[in-house]
Amino acid sequence: MHPSFQERIDEVGELLQRTKAARSGFYSRIDRRAPAKPVRYQVVGGSFGMYQIKDLTTGKTRAFRNDYKAAHDLAMQFEAKANRQITVAL
């Protein structure tokens, strides 16, 4: 592997460790446990009166809604589907 790629990988690894440490420090300050799994879907205010539901793993927009409550409910449905266990029958 090229040395510059390895340097990049090392830098990203260090930054991820710092963010995990900062996140755990934040949760210890508010006396709560950190969530076991990170959130996958986020509601983002796009334009005036429109809300996007973004998939944080891919960065793509999954859906649009006119109402924040409807967007939040749909994001929660997407989260529930994403958290299901996949079973394979042989």
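Throughout the sequence shown, residue numbering follows the numbering used here, covering 8 to 97 in sequence. Heads up, the beta-carbon is just placed ideally off N, CA and C, and yes, glycines get one too. Owing to the predicted nature of the structure, the values given are computational and were not obtained by experimental measurement.
Residue pairing by DSSP puts F71 in a beta bridge opposite Q59. For G32, the enclosing alpha helix (DSSP H) starts and ends at P10 to R36. With fewer than 16 neighbouring CB atoms inside 10 Å of its own CB, I37 falls in the exposed class. By the Cβ criterion, the stretch 72–79 is in contact with the stretch 46–59, since at least three pairs of Cβ atoms, one from each stretch, lie closer than 8 Å.
Shown here for R30: same chain residues with a beta carbon closer than 7 Å to its own, the five before and five after excluded, namely A41 in chain order. Judged by DSSP secondary structure, V51 falls within the beta strand (DSSP E) whose first and last residues are Y48 to G52. DSSP places A87 within a helical segment (H, G or I) once states are collapsed to three. In summary, I60 is buried, with 16 or more beta-carbon neighbours lying within 10 Å of its beta-carbon over all protein chains present.
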